[in-house]
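Engineer: Sharing a structure with you now.
Numbering (full-length UniProt numbering), first residue to last: 1 to 173.
Have a look at this one:
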């Protein structure tokens, strides 16, 4: 049992001294650990020739620890608040599905519009080619008709004249 009698100065001094030594030992251990960590960082950094690489690795490790703690907190929240979480998950999934389907529908509509535009362009090109062919055929027909008319105008009168001349010659003879 503990005594409730007032302590002497020697007792107080011994307790304080013991407490100081424990604090000193803790500080010494802390300093040794810090020195070892610094030594390891320096050694690895100097080995890799990249002094900031180790700091980046340590920052990444701290980030991963914080991330792990966040994940654990989220898991705890999910476990404690399962109905709210299920509702939120359902809402998120529904919104995700809506966004994905809307995006897919928009992409399909854009593809269909592009295909329709390409088909219309092809049809217009075909129509233009057909019109050009028809114009060429009409021009050829007109040229043929003109040639026939010229032949008729030049050859027929000359034939008539030749025929009349021949007939006249026969009559005279």
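Where a beta carbon is used, it is the ideal one built from N, C-alpha and C, also for glycine.
What you are looking at is a predicted structure, and each value in this text was computed from that prediction instead of being measured.
Expressed to the nearest angstrom, what Euclidean distance is found between the alpha-carbon atoms of residue 149 and residue 155?
Structural biologist: If you number the chain shown from 1, residue 149 lands on position 149. If you number the chain shown from 1, residue 155 lands on position 155. So the alpha carbons of these two residues sit roughly 10 Å apart.
Engineer: I need the straight-line Cα distance from residue 166 to residue 172, nearest angstrom please.
Structural biologist: For the purposes of this step, residue 166 is taken as residue 166 along the chain shown, with counting starting at 1. For the purposes of this step, residue 172 is taken as residue 172 along the chain shown, with counting starting at 1. Rounded to the nearest angstrom, the two C-alpha atoms are 10 Å apart.
Engineer: Measuring only the C-alpha atoms, how far is residue 110 from residue 118?
Structural biologist: Here the question's residue 110 lines up with position 110 in the chain shown. Here the question's residue 118 lines up with position 118 in the chain shown. If you take the alpha carbons of residue 110 and residue 118, they lie about 12 Å apart.
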